[in-house]
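Visitor: Got a structure here, written out as structure tokens. Questions coming.
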């Protein structure tokens, strides 16, 4: 049962003039329709808008509109509650997640306000960095958690365990643990498979492995994945969605599992994931 849209949060990529202008226009459009609007602080400062509250991801909104590229949507999605539908509008480049074009925004919103839309659930990953010293750092990933060496470091060694069992001793530049949503991101560039975004699986893809027999592996989403760094004296990092990172030390361990939280993306019309693949990757047809 879709709830009526009475409050909307708007987040825009601050570096984009197009996104900032669209956010301002959209705010006026919604306010004329008696819908409460919260706008992210960066745009409030840029546009000098008065009387509009700042967007707060901890608040409850009936809809959040994200104006930008996939990176903007990633940062918003990780911080929102599970039941808030997100409408992504692409003012970036590739846009697998923000597949709605700016020219489609207002016709689409008319349908959304009328309740004529679907919601697609995407799961997240919880990644915990357990340091050998005993401290723990926690992250949440929409696309992926990546362990990778720096440009100057030599090849690194990782021990991969799944559900407590040793799977592989990996010598490589790193390892990607990806959600299905993230399969078209770094995973794809590293030679991993494209995965339908609602499948209950996770993808593990070695980055430039030393042994050609080390190939990507797809595992059930309830798997408990653990990766420990077995290389001392090299510069290695854990990166989450390419936006948050921590350095890794010798014998530090990263544990990854499916999060209890999920993301709800607004979907409309007959456009499918296969249409996106054909358009975004230039498959033709």
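In the working numbering, the protein residues as written are 141 to 425. Where is the CB? At the ideal position from N, CA and C, for every residue including glycine.
Could you tell me whether any non-hydrogen atom of the ligand GDP is closer than 7 Å to the CB of residue 298?
Guide: Ligands displayed in this structure: none; no statement on the ligand GDP is therefore possible.
Visitor: Excluding the 5 residues flanking residue 407 on each side, which residues of the same chain have their C-beta closer than 6 Å to its C-beta?
Guide: The sequence position of residue 407 within the chain shown is 267, counting from 1. 258, 260.
Visitor: Within a Cβ cutoff of 6 Å, which residues of the same chain sit near residue 328, ignoring the five residues on either side of it in sequence?
Guide: If you number the chain shown from 1, residue 328 lands on position 188. Around residue 328: no qualifying Cβ.
Visitor: What first and last residue would you give for the alpha helix (DSSP H) that runs through residue 420?
Guide: Residue mapping note: residue 420 aligns to position 280 of the chain shown, counting from 1. Unbroken alpha helix (DSSP H) run through residue 420: 413-420.
Visitor: Are the Cβ atoms of residue 311 and residue 350 separated by less than 8 Å?
Guide: Translated into positions along the chain shown, residue 311 becomes position 171. Translated into positions along the chain shown, residue 350 becomes position 210. Contact flag set, yes.
Visitor: Within the same chain, show all residues whose beta-carbon is closer than 7 Å to that of residue 348, passing over the 5 residues directly before and after it, in chain order.
Guide: The sequence position of residue 348 within the chain shown is 208, counting from 1. For residue 348, where only same-chain residues beyond five positions count, the Cβ hits under 7 Å are 312, 313.
Visitor: What is the DSSP secondary structure of residue 153, reduced to helix, strand or coil?
Guide: By 1-based counting over the chain shown, the position of residue 153 is 13. Reduced to three states, the DSSP call for residue 153 is coil.
Visitor: Using beta-carbon positions only, say whether residue 318 and residue 345 come within less than 8 Å of one another.
Guide: Along the chain shown, one-based indexing puts residue 318 at 178. Along the chain shown, one-based indexing puts residue 345 at 205. Yes; because the gap between Cβ atoms is below 8 Å, this pair is in contact.
Visitor: Ordered along the chain, which non-local residues of its own chain (more than five positions away) have a Cβ less than 6 Å from that of residue 178?
Guide: In the chain shown, counting from the first residue as 1, residue 178 sits at position 38. Contacts found: 149, 193, 195.
Visitor: Pairing CB atoms from the region 302-310 with CB atoms from the region 362-370, are three or more of them under 8 Å?
Guide: Yes: the two stretches touch, three or more of their Cβ pairs being nearer than 8 Å.
Visitor: Of all the options 358, 299, 332, which has the alpha carbon lying nearest to the alpha carbon of residue 339?
Guide: Stepping through the chain shown from its first residue, residue 339 is reached at position 199. With distances taken between Cα atoms, residue 339 lies closest to 358.
Visitor: Could you name the residues of the same chain whose beta carbon sits closer than 8 Å to that of residue 302, not counting the 5 residues immediately before and after it, in chain order?
Guide: Start at 1 with the first residue of the chain shown, and residue 302 comes out as number 162. Here the set comprises 359, 363, 364, 365, 366.
Visitor: If you run the structure through DSSP and keep just helix, strand and coil, what is residue 210?
Guide: For the purposes of this step, residue 210 is taken as residue 70 along the chain shown, with counting starting at 1. Of the three classes helix, strand and coil, the one that applies to residue 210 here is helix, per DSSP.
Visitor: Check each candidate in 335, 145, 331, 336 and name the one with the smallest Cα separation from residue 352.
Guide: For this step, residue 352 is matched to residue 212 along the chain shown. Among 335, 145, 331, 336, the Cα nearest to that of residue 352 is on 331.
Visitor: Go through the region 164-203 residue by residue and report every complete run of the beta strand (DSSP E) that reaches 3 residues or more, in order.
Guide: Counting only runs of 3 or more, we get 176-179.
Visitor: Starting from the Cα of residue 231, find the closest Cα among 208, 335, 409 and give me that residue.
Guide: Translated into the one-based positions of the chain shown, residue 231 becomes position 91. Checking every option, the nearest Cα to that of residue 231 belongs to 208.
Visitor: Between which residues of its own chain and residue 204 is the CB-CB distance below 6 Å, once the five residues before and five after are set aside?
Guide: Numbered from its first residue, the chain shown carries residue 204 at position 64. So the qualifying residues of the chain are 149, 224, 226.
Visitor: Please report the distance separating the alpha-carbon of residue 168 from that of residue 162.
Guide: Counted from its first residue, the chain shown places residue 168 at position 28. Counted from its first residue, the chain shown places residue 162 at position 22. Their Cα atoms are separated by approximately 10 Å.
Visitor: Please look up how many angstroms separate the CB atoms of residue 342 and residue 283, rounded, as I've assumed it's under 8 Å.
Guide: For the purposes of this step, residue 342 is taken as residue 202 along the chain shown, with counting starting at 1. For the purposes of this step, residue 283 is taken as residue 143 along the chain shown, with counting starting at 1. At roughly 12 Å, the Cβ-Cβ gap does not stay under 8 Å, so residue 342 and residue 283 are not in contact.
Visitor: Buried or exposed for residue 337, going by 16 or more other Cβ atoms inside 10 Å?
Guide: Here the question's residue 337 lines up with position 197 in the chain shown. Classification for residue 337: buried.
Visitor: Just to confirm, are residue 293 and residue 384 a CB contact at a threshold of 8 Å?
Guide: To locate residue 293, count along the chain shown from 1; it is residue 153. To locate residue 384, count along the chain shown from 1; it is residue 244. Result no, Cβ atoms of residue 293 and residue 384 do not sit closer than 8 Å.
Visitor: Suppose only complete runs of 3+ residues qualify. What are the beta strand (DSSP E) ranges in the region 325-356, listed by chain order?
Guide: Entirely contained in the region 325-356, the beta strand (DSSP E) runs reaching 3 residues are, in chain order, 341-347.
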